[in-house]
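What follows is one structure encoded as structure tokens, with my remarks underneath.
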Amino acid sequence: MSMQGMASPSQDHYAIVVDLLGRAGRLEEAHELIKKMPMQPHAGVWGALLLACSLHNNVELAEVAWKNCCELEPDSSGYHSLLANIYASAGRWDDAKRLRRAVEEKGLVKIPGSSWMECSESQQ
């Protein structure tokens, strides 16, 4: 990505473009963009590709993205869960089970999401 006369794109800019390409099904193009980044991509960039692989059932590229995510954030269980779900969607039940078991053995826990809403001036 080159923008003459403008600030250089940050890793977050790259993550957004990878996400957009991925949602459009242009997974290989997104992967090539990551490989050509002038800096080391952070886990958010690889995570965007992993999520796109989930949307488009691309197991092989998902494994590449997952490996990079895990190298950058080894204690994050979210990437493992996502790849396990990709395996399950592809009918690779043994791989999904193996990965989920590895998460349990490492003691990784997925922190559940939560949100707050205000209704009639009280928090719910």
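Per our numbering, residue 961 is the first one in the sequence shown, and the count goes up by one each step.
Cβ coordinates follow ideal geometry from the N, Cα and C atoms, glycine included.
Is the beta carbon of residue j closer than 8 Å to that of residue i?
i, j, result
"residue 1042", "residue 1080", "no"
"residue 972", "residue 1007", "no"
"residue 1012", "residue 979", "yes"
"residue 1025", "residue 1009", "yes"
Which class does residue i belong to by DSSP, given the choice of helix, strand or coil?
i, result
"residue 1033", "coil"
Just to check my reading of the structure: residue i and residue j have Cβ atoms closer than 8 Å, yes? What is that Cβ distance to the nearest angstrom?
i, j, result
"residue 1002", "residue 1032", "6 Å"
"residue 993", "residue 974", "7 Å"
"residue 1063", "residue 1037", "5 Å"
Would residue i be called buried (16 or more neighbouring beta carbons within 10 Å of its own) or exposed?
i, result
"residue 1021", "buried"
"residue 1017", "exposed"
"residue 1069", "exposed"
"residue 982", "buried"
Terminal residues of the continuous alpha helix (DSSP H) containing residue i?
i, result
"residue 996", "Neither: residue 996 is in no alpha helix (DSSP H) and is coded neither H nor E."
"residue 1008", "1003-1015"
"residue 1058", "1053-1066"
"residue 986", "Unbroken run through residue 986: none, as it is neither H nor E."
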